[in-house]
Amino acid sequence: MEWKTGRTGFHYHVFSLFFISGYTASIPTLQAGYPIAKLDTSLTKVNETVKGNSRLVYDSMLKGLRQAVEHEIKIGIGTDAAMSYVTHYDMWRELDHYMRQTKLNAGQVIERVTKSNAEILGIDHLTGSIDIGKQADLIVLEHNPLDNIKALSNVAMVMVRGNLIQTPSVTRIQEVDELLDSVW
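Residues 1 to 184 in the UniProt record's numbering are what the sequence shown spells out, letter by letter.
Dropping the structure here:
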């Protein structure tokens with residue numbers, strides 16, 4: 001196994017920790033760094049130092065993600081919604097980001113955000129996949145996310161532990177969505 005080390009990404013010794021006994025996973029949250037790193041400072045109102053730091057962090061996360069995919073490290077997906085320009089309703093952007101930056105397809109990223117995340121949290125016996133005896137945690141969409149991952153941005157219904165929410169509503173932040181759409 002050839003390990004590429006450099007200024008960013010995981011160092012060999014860090015990656016080797018993923019393979020020792022016990023359980024470890026990588027959950028890079030690309031959206032946490034991407035907007036500040038890529039948007040113009042006139043839009044984000046951050047200085048060049050903050051932008052440069054965001055770029056460094058983002059590039060490092062991206063390299064680490066690619067290394068994890070290449071070496072079949074367990075990967076989960078999250079958004080770090082407490083960060084600037086990351087909303088609670090745009091998980092689809094993180095999935096899209098994974099697809100654009102790795103060789104993973106829509107089915108693979110959906111599996112990581114459902115089944116893999118449940119395994120990482122130790123609740124895969126309850127949720128994370130559709131199976132007999134598991135909670136009915138589902139979303140209903142108008143379009144197939146395997147054809148276009150953005151279909152996940154328009155959820156028609158939600159079922160949580162078997163309880164149906166027929167008309168889920170989300171308050172969207174138009175200004176943030178427009179900024180993110182401009183760099184997507």
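Beta carbons: idealized from backbone N, C-alpha and C, even for Gly.
Within its chain, find whatever has a CB closer than 8 Å to the CB of residue i; leave out the 5 residues flanking it on each side and keep chain order.
| i | result |
| --- | --- |
| Leu17 | Thr24 |
| Leu141 | Ala151, Leu152, Asn154, Val155 and Ala156 |
| Val183 | Tyr34, Pro35, Lys38 and Leu39 |
| Leu65 | Ser26, Pro28, Leu30, Ile75, Tyr98, Gln101 and Thr102 |
| residue 213 | Outside the shown range of the chain, which is 1 to 184, sits residue 213, and nothing can be said about it. |
Would you kindly report the start and end of the unbroken beta strand (DSSP E) that includes residue i?
| i | result |
| --- | --- |
| Ile165 | Asn163 to Ile165 |
Identify which residue in the options has its Cα closest to the Cα of residue i.
| i | options | result |
| --- | --- | --- |
| Ala32 | Val46, Thr44, Thr49 and Tyr58 | Tyr58 |
| Ala82 | Ala106, Leu30 and Ile73 | Leu30 |
| Val46 | Thr79, Ser84, Ala68 and Ile77 | Ser84 |
| Ile110 | Pro145, Gln174, Glu175 and Glu178 | Pro145 |
Quick check: the Cα distance between residue i and residue j, rounded to an integer number of angstroms?
| i | j | result |
| --- | --- | --- |
| Ile130 | Glu48 | 47 Å |
| residue 272 | Leu126 | Because the chain is modelled from 1 through 184, residue 272 falls outside the range shown and cannot be assessed. |
| Asp147 | His71 | 27 Å |
| Ser54 | Ser60 | 10 Å |
| Leu164 | Leu121 | 24 Å |
| Leu62 | His143 | 29 Å |
Tell me which residues share the same chain as residue i and place their Cβ nearer than 6 Å to its Cβ, disregarding the 5 neighbours each side in the sequence.
| i | result |
| --- | --- |
| Pro168 | Val155 and Val158 |
| Ile149 | Trp92, Leu95, Asp96 and Ala106 |
So is residue i in contact with chain C if we call contact Cβ pairs under 7 Å?
| i | result |
| --- | --- |
| Thr114 | The structure shown has no chain C; it contains just one protein chain. |
With respect to the alpha helix (DSSP H) encompassing residue i, which residues constitute its N-terminal and C-terminal limits?
| i | result |
| --- | --- |
| Leu43 | Thr41 to Thr44 |
| residue 186 | Residue 186 is absent from the structure shown; the chain starts at 1 and stops at 184. |
| Ser182 | Gln174 to Val183 |
Near residue i, which residues of its chain fall below 7 Å by C-beta distance, leaving aside the five closest residues on each side in sequence?
| i | result |
| --- | --- |
| Asp137 | Thr127, Met159, Val160 and Arg161 |
| Hey, which unbroken runs of the beta strand (DSSP E) at 3 residues or more fall wholly within the region 132-170? | Here the runs fully enclosed are 138-141, 155-160 and 163-165.
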